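Chains as they are written, first to last, in full-length UniProt numbering: chain A, 1 to 343; chain B, 1 to 343; chain C, 1 to 343.
A virtual CB, placed ideally from N, CA and C, is assigned to each residue, including glycine.
Computed from a prediction, not measured in an experiment: that's the story for all the values here.
Report on one structure; see the data block that follows.
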Amino acid sequence: MTPHLLSVDSLSRERVEHLFQVARQVEPIAQRRQVTRVLEGAVLGNLFFEASTRTRVSFNTAFCRLGGSVCDTTGFTFSSMAKGESLYDTSRVMSGYVDAIVMRHPEQGSVSEFAQATNVPVINGGDGPGEHPSQALLDLYTIDKEFTRLGKSLAGAHLLLTGDLKYGRTVHSLIKLLSLFDPLRITLVSPPGLEMPDHVVDLAVSRGHRIERRHNLVSDFHDLDVIYTTRIQKERFTEEMTESFTGLTRDFIVDRSFLDRHCARDTIVMHPLPRDSRSEANDLDPDLNGDPRLAIFRQTDNGIPIRMAIFATLLGVEHLIDKERRDVRWFVPHKIGVDDADF
Amino acid sequence: MTPHLLSVDSLSRERVEHLFQVARQVEPIAQRRQVTRVLEGAVLGNLFFEASTRTRVSFNTAFCRLGGSVCDTTGFTFSSMAKGESLYDTSRVMSGYVDAIVMRHPEQGSVSEFAQATNVPVINGGDGPGEHPSQALLDLYTIDKEFTRLGKSLAGAHLLLTGDLKYGRTVHSLIKLLSLFDPLRITLVSPPGLEMPDHVVDLAVSRGHRIERRHNLVSDFHDLDVIYTTRIQKERFTEEMTESFTGLTRDFIVDRSFLDRHCARDTIVMHPLPRDSRSEANDLDPDLNGDPRLAIFRQTDNGIPIRMAIFATLLGVEHLIDKERRDVRWFVPHKIGVDDADF
Amino acid sequence: MTPHLLSVDSLSRERVEHLFQVARQVEPIAQRRQVTRVLEGAVLGNLFFEASTRTRVSFNTAFCRLGGSVCDTTGFTFSSMAKGESLYDTSRVMSGYVDAIVMRHPEQGSVSEFAQATNVPVINGGDGPGEHPSQALLDLYTIDKEFTRLGKSLAGAHLLLTGDLKYGRTVHSLIKLLSLFDPLRITLVSPPGLEMPDHVVDLAVSRGHRIERRHNLVSDFHDLDVIYTTRIQKERFTEEMTESFTGLTRDFIVDRSFLDRHCARDTIVMHPLPRDSRSEANDLDPDLNGDPRLAIFRQTDNGIPIRMAIFATLLGVEHLIDKERRDVRWFVPHKIGVDDADF
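What follows is the structure, encoded as structure tokens:
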């Protein structure tokens, strides 16, 4: 059976740890200190049925850094699928062309349906409200890497997740992944009506995690290790909610003042991005830009080694990388992959 | 003079046989058992003035598998040509950038006009109702390959072409190509009003082929070797035709029951794709999925070696391939290029 | 500090001369007589927030010819920036993925803003009415190369710039670049209301150039070395201007008859392209196609070595190229990069 990466539900602790080990192994390549060509001759089909430039570029680059070539498609629906072609046909045809497929699609379940007809590995790059497993993996990898740098351990750590915990698929997937590891303390802060679904909370509790739910950020979090903020999309609000939360905008925003007054000195701040930089933003204030506690760009940087590890393991080349790497020869700014991190 | 591939009309039997010989030679690369880099450093301009994801990806991948790089453009008209630039200027400029050009354009004749100003080989990837020579080549290559597998020979074979034979450019081009080879028996089945044009039939007859025309599929075809189905686009119908063919939808559909009752045990089924998978479909029923007689995915798979052969011969590197190939090193599912074919 | 190429204003004569020297060095690669892989493993982010197929393909190809890979994005605004992401965030995220960025954007100043947050070199591929420095460089490189071929020298040459000199950013940038070199004679011909801005003229005069302004082309230019024509966009006209210039269309057009009657035998004709090929065109007549004095396609060809030189110097690999190049092995039409030039 062809291996895929469709959902975090299919990941075991062993597979996650193997992915992280390969990700650490390819870090010098992701940070452009070395290059490799282990995937020379391989072609990735990067099929984006909805726009997501950042995710598309990240997968594209990760494949290129292993030596492969990429064939991008966006707005695919305007072509053969518009003429009534089934996902089955599209999938089977594409698998005759390329060696691996990343697919993003607005409809939940479509990527799994697509994967059933294909002969090559398929990676879910996001299927609407469904899954986006590489995002959850890079989030956990970031926590692991930051903790290593700070001399902390994951066991017993305190994480705060805030924002829209009901519709934000990244926080659901992150908690599912965390559930595979040693018990943590997790505080969930969201407006009423946007709470984390019970089945996700129950899963975490059943695995021994301590979960606390709150409706505001006004509190002391002096033992906090990680704040994971997400955007609240106002279009998610019912009319009732809009009325009760007129002051919402600043109630859930994380900024420098909040960090300085309520958090530990080495609390790191994460966000799945994009964050909203307009005045009505409610997630993460730009006044933290340049602050070493802001880990959001180290987090996106980590998308490259994680996605390289996903490709390398699905295509079975991870054992070749150590033998086939050489120093980069072009000019590389020294801060790539490690900037803002020296606090 | 720069060599191009603009039309099947310009192909001789010798050139077709040479293309097929190179296609057979590159099969191990197309099936990812080997890789080559003979086109390392070359750049393909893949210019799609109308969307056709499948064709674009197929050309793109074929060029990559020879070691080249690809520069894609789609919706080109929104840029410099929208400012009044002529095809002549666009063509000449592009030929200063890239080493070969694949062009698809909604207007018949536009690709030939484009080719006149360029210094590099141009391949017609479809010009509206005009030509799409690589599709005809992969169709004939598929028949040849399937026949070899089944121990049959092309001479004297019986082919059935069905669907819209008036507007479907792929069936016109296929018959023109077949006309270069030994005489066949060809049965044409279409609704009245969508018959194959006389000039195409006359050409085939003048070359010794036996042509029979019919208006329905209800008949015995127990000596049939190939069914080539195409989609009937209802938007092609006149009002009169719509009235006379209310029951049309199922009249021309090829499905498992038709094959079992009326055809030979090893009749293969082809289709240029995409096929329509919606309820009103009239071409090829999904109940044949998984049936070894269904050759449509082996047919699209064959697009890769054929397009690799087109590039290799136009750029004059076919003699290098045997010397410069090595075994692939990443994991490849064993079924690629040969699946569903073991009957 | 990371080096960028944002504006011609930041270029010194030394840097321009170094770029030209590298461009001459890579000519055999741009003309497909040789290949190199010095940028193997590097990834370019080609970010086009507005369509410009020609410029995008030119940068893309130049990077590929140095051995790198390209990740293209167009219509970027429809994705994360549409959700309110700042240029700062987009920039910083992208610089974690790729090794160099070309950016085109409709708003003046946006590329500079973008460059401030990034860790990798950024090249301005055009920011609306602002800058497009690689175009100015390839224009000057073309003049230099044509003069060398004709045995002329830049010092004391006579250039004619015609068309829309007010809004055409390419002519502004070209004059700024020329100002770094030995004094010239420059004649500016435009309709009243579309004259070259004073600050550009003043800069050239302050550096010793002789500038003459005119409102028509009906004159003798028998000592002319270069005509640089640009398109007059009628949408730029005020109502008043439209009334006074009913006969405008042909007043500023350069055609074979004008060249034969009023210019020197070896006057070369340039244009930033695209030129308008429709009947209302007012810039450059197609009757010059095939005439060796028409340098417009040699000019676009020169975009490749210039952009290769820009990448090679920004990424610091120019010293590797001489050591790592080999002869091309595929078929290359002999005219590439030098056609139409033998007069």
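With DSSP as the reference, please indicate the residues paired to residue i in a beta bridge.
i, result
"Cys71/B", "Gly45/B"
"Tyr228/A", "Leu161/A and Met270/A"
"Asp127/A", "His105/A"
"Ile211/A", "Ile186/A"
"Phe221/C", "Cys263/C"
"Leu5/A", "Ile123/A"
"Leu294/B", "Val269/B"
"Val254/B", "Leu284/B"
Could you tell me the alpha carbon to alpha carbon distance between residue i and residue j, rounded to whole angstroms?
i, j, result
"Arg261/C", "Leu150/C", "21 Å"
"Gln25/A", "Phe331/B", "20 Å"
"Gln135/A", "Pro272/A", "8 Å"
"Ile321/B", "Thr36/B", "7 Å"
"Val328/C", "Val122/C", "30 Å"
"Leu159/B", "Asn282/B", "19 Å"
"Thr118/A", "Val8/A", "20 Å"
"Asp127/A", "Thr187/A", "27 Å"
"Asn60/B", "Glu17/C", "38 Å"
"Gly109/B", "Gly130/B", "7 Å"
"Gly247/A", "Asp220/A", "Caution is warranted here: a pLDDT of 49 is assigned to Gly247/A, below 50, making its placement in the model unreliable, and the coordinate value is therefore given only provisionally. Their backbone Cα atoms lie some 21 Å apart in a straight line."
"Asp198/B", "Leu165/B", "11 Å"
"Gln116/A", "Ser95/A", "11 Å"
"Met308/C", "Arg65/C", "8 Å"
"Gln34/B", "Glu324/B", "10 Å"
"Phe311/C", "Ile310/A", "30 Å"
"Asp276/C", "Pro106/C", "21 Å"
"His319/B", "Val70/B", "22 Å"
Taking residue i as the reference, give the member of the options with the closest Cα.
i, options, result
"Thr230/C", "Val189/C, Gly193/C and Ser257/C", "Val189/C"
"Gln299/A", "Ser58/A, Tyr167/A and Phe114/A", "Ser58/A"
"Ser257/A", "Asn124/A, Arg275/A, Asn289/A and Glu195/A", "Asn289/A"
"Val111/A", "Leu177/A, Gly125/A and Ile296/A", "Gly125/A"
"Thr267/C", "Asp182/C, Asp89/C, Asp99/C and Leu161/C", "Leu161/C"
"Phe147/C", "Leu47/C, Leu224/C, Ser69/C and Arg56/C", "Leu224/C"
"Val38/B", "Gly45/B, Val22/B, Gly68/B and Arg32/B", "Gly68/B"
"Thr142/A", "Asp255/A, Asp285/A, His4/A and Tyr228/A", "Tyr228/A"
"Glu27/A", "Arg13/C, Phe63/C and Tyr97/C", "Tyr97/C"
"Ser173/C", "Leu11/C, Gln31/C and Ile232/C", "Leu11/C"
"Arg54/C", "Gln31/C, His319/C, Arg326/C and Ile304/C", "Ile304/C"
"Phe252/C", "Val93/C, Gly163/C, Gly41/C and Leu154/C", "Gly163/C"
"residue 369/B", "Pro274/B, Val70/B, Met103/B and Met270/B", "Look at the range of chain B in this structure, 1 to 343, and you will see that residue 369/B is not part of it."
Can you tell me which of the three DSSP states residue i falls into?
i, result
"Asn282/C", "coil"
"Leu194/A", "coil"
"Phe114/C", "helix"
"Asp327/C", "strand"
"Thr187/C", "strand"
"Gly247/A", "Low per-residue confidence applies at Gly247/A: pLDDT is 49, beneath 50, and the placement is therefore not dependable, though the value from the model is reported in the following sentence. It is coil, neither helix nor strand."
"Val120/C", "coil"
"Val35/A", "strand"
"Val205/B", "helix"
"Ala100/C", "strand"
"Leu87/A", "helix"
"Gln25/A", "helix"
"Ala136/C", "helix"
Could you tell me whether any non-hydrogen atom of the ligand ZN is closer than 8 Å to the CB of residue i?
i, result
"Asp322/C", "The ligand ZN is absent from the structure shown, which contains no ligand whatsoever."
Residue i touches chain F at which residues, Cβ-Cβ below 8 Å?
i, result
"Leu315/A", "Absence of chain F from the displayed structure is noted, the protein chains being A, B and C."
Could you please tell me which residues of the segment 30–53 of chain B, in chain order, have their CB closer than 9 Å to any CB of chain C?
-> Val38, Leu39, Glu40, Gly41, Ala42, Val43, Gly45 and Leu47
Chain A contacts made by the segment 285–306 of chain B, where a contact means CB separation under 9 Å = Pro286, Asn289, Ile296, Phe297, Arg298, Thr300, Asp301, Asn302, Gly303 and Ile304
Quick one: which residues of the segment 55–70 of chain A get their C-beta closer than 8 Å to a C-beta of chain C? List them in chain order.
-> Arg56, Val57, Ser58, Asn60, Thr61, Cys64, Arg65, Gly67, Ser69 and Val70
With 8 Å as the C-beta to C-beta threshold (strictly closer), list the residues of the segment 176–199 of chain A near chain B in chain order.
-> none
What residues in the segment 79–107 of chain C have a beta carbon less than 8 Å from any beta carbon of chain B?
-> none
Listed from N- to C-terminal order along the chain, which residues in the segment 317–336 of chain A have their beta-carbon within a distance smaller than 9 Å of any beta-carbon of chain B?
-> Val317 and Leu320
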